[in-house]
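> Before I ask anything, let me first share the structure, which is written out below as structure tokens.
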Ligand code: PCA
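Numbering (this note's numbering), first residue to last: -12 to 214.
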């Protein structure tokens, strides 16, 4: 038999973005890299950084999916202005950039995936994740929009790939997107911007990963939404 690389333990792929819009850091990458190597319930987290560039980020995501063959994928991005960790409910098939990306691209009303469905729902248990993060003292809410910039772009591309079962076995791989708040050091550059300490964000993500690994059918309850 030909030799094959065998990952002995399941992998949770966590992606974060490089800084954008002239910021010196991106909390989503700081959180992802703090989680790299963290193990829970026999699964190991691998962190991968994505460029904040339309198209290129998808190429990098594809490479990471190929390399790690994860059983669970959580992409992270910064939502400056939000004060909580916000699992996103839905990715839409729209690129509509308010500002240029890091390569100067600024698509307007373009499809992420030509001919793709209008939207995909996250396959993460978003409400159970919010419930559990709150129970552990981490502010969290479900968000109903990931925007139309590079975060929604990668979220849509991820869900399109997972739905097409191009990854893993027969659509068994679950995934989604969580927006994170600014870090205090970043908020200090943007007076008035809410922030959350790195330690709290990392703890929240650990809880979210734990819940995602344990809960396959989301809870149905009210009160989880972002106000
Ligand atoms: N946040 C941006 C793109 C990269 C990031 O971290 C967004 O919300 O689209």
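From the three backbone atoms N, C-alpha and C, an ideal C-beta is built for every residue, glycine too.
Is residue 13 near ligand 1, judged by its Cβ being under 6 Å from some heavy atom?
Your numbering for residue 13 matches position 26 in the chain shown. Correct: residue 13 has its Cβ closer than 6 Å to ligand 1.
> Quick check: residue 63 and residue -1, are their CB atoms within less than 7 Å of each other?
Working through the chain shown from its first residue, we reach residue 63 at position 76. Working through the chain shown from its first residue, we reach residue -1 at position 12. Taking 7 Å as the Cβ cut-off, residue 63 and residue -1 do not qualify as a contacting pair.
> Residue 169 to residue 90, Cα distance in whole Å?
Taking the chain shown and counting its residues from 1, one reaches residue 169 at position 182. Taking the chain shown and counting its residues from 1, one reaches residue 90 at position 103. In a straight line, the C-alpha of residue 169 is about 23 Å away from that of residue 90.
> Taking DSSP as the reference, what is the three-state secondary structure of residue 14?
Indexing the chain shown from 1 puts residue 14 at position 27. Looking at residue 14 - three-state DSSP - the assignment turns out to be helix.
> What number of angstroms, rounded off, separates the C-alpha of residue 124 from the C-alpha of residue 186?
As a working mapping, residue 124 is identified with position 137 in the chain shown. As a working mapping, residue 186 is identified with position 199 in the chain shown. Roughly 12 Å between the two C-alpha positions.
> Looking at C-alpha atoms only, which residue of 95, 65 and 78 is the closest neighbour of residue 87?
Position 100 of the chain shown, counting from 1, holds the residue named residue 87. It is 95 whose Cα lies nearest to the Cα of residue 87.
> Are the CB atoms of residue 70 and residue 107 nearer to each other than 7 Å?
Along the chain shown, one-based indexing puts residue 70 at 83. Along the chain shown, one-based indexing puts residue 107 at 120. Cβ distance not < 7 Å, so residue 70 and residue 107 don't count as in contact.
> Assign residue 156 to one of two classes, buried (16 or more other C-beta atoms within 10 Å of its C-beta) or exposed (fewer than that).
Stepping through the chain shown from its first residue, residue 156 is reached at position 169. Note that residue 156 scores 46 on pLDDT, short of 50, meaning its location in the model is unreliable and no value can be drawn from it.
> Do residue 59 and residue 199 have their C-beta atoms within less than 7 Å of each other?
Residue numbering aside, residue 59 sits at position 72 when the chain shown is read from its first letter. Residue numbering aside, residue 199 sits at position 212 when the chain shown is read from its first letter. A contact, by the Cβ cut-off of 7 Å.
> In the structure shown, what three-state DSSP assignment does residue 161 receive?
Along the chain shown, one-based indexing puts residue 161 at 174. If DSSP states are grouped into helix, strand and coil, residue 161 belongs with the strands.
> Taking only the alpha-carbon atoms, compute the straight-line gap between residue 49 and residue 164 and give it to the nearest angstrom.
For the purposes of this step, residue 49 is identified with residue 62 of the chain shown, where counting begins at 1. For the purposes of this step, residue 164 is identified with residue 177 of the chain shown, where counting begins at 1. Approximately 16 Å between the Cα atoms of the pair.
> Can residue 185 be considered in contact with ligand 1, in the sense that its beta carbon sits closer than 6 Å to one or more heavy atoms?
By 1-based counting over the chain shown, the position of residue 185 is 198. Result no, Cβ not under 6 Å from ligand 1.
> Say yes only if the C-beta of residue 42 is nearer than 6 Å to one or more non-hydrogen atoms of ligand 1, and no if none qualify.
Reading the chain shown from its first residue, position 55 is the one you call residue 42. No; taking the cut-off as 6 Å, the Cβ of residue 42 has no heavy atom of ligand 1 nearer than that.
> Taking DSSP's pairing of strands, which residues face residue 216 in a bridge?
For residue 216 there is no data in the structure shown, the boundaries of the chain being -12 and 214.
> Is residue 7 near ligand 1, in the sense that its beta carbon is under 6 Å from a heavy atom of that ligand?
Numbered from 1 along the chain shown, position 20 holds the residue referred to as residue 7. Within the cutoff, so yes.
> To the nearest angstrom, report how far apart residue 201 and residue 29 are at their CA atoms.
On the chain shown, position 214 is the one that residue 201 refers to. On the chain shown, position 42 is the one that residue 29 refers to. Whole-angstrom Cα-Cα distance: 12 Å.
> At 3 residues or longer, and completely inside the region 91 to 171: list those beta strand (DSSP E) runs for me, N to C.
Segments of the beta strand (DSSP E) lying fully in the region 91 to 171: 106 to 108 and 161 to 167.
> Terminal residues of the continuous alpha helix (DSSP H) containing residue 51?
Within the chain shown, residue 51 is the residue found at index 64, counting from 1. Here the alpha helix (DSSP H) through residue 51 covers 43 to 55.
> Please classify residue 140: is it buried, with 16 or more other beta-carbons within 10 angstroms of its beta-carbon, or exposed?
Numbered from 1 along the chain shown, position 153 holds the residue referred to as residue 140. The residue in question, residue 140, is buried, as its Cβ has 16 or more Cβ neighbours within 10 Å.
> Opposite residue 4 in the DSSP bridges: which residues?
Residue mapping note: residue 4 aligns to position 17 of the chain shown, counting from 1. DSSP, once it has assigned bridges, lists 37 as partnering residue 4.
> Can you tell which of 5, 111 and 104 has the C-alpha that lies nearest to the C-alpha of residue 43?
Numbered from 1 along the chain shown, position 56 holds the residue referred to as residue 43. When each option's Cα is compared against that of residue 43, the closest is 5.
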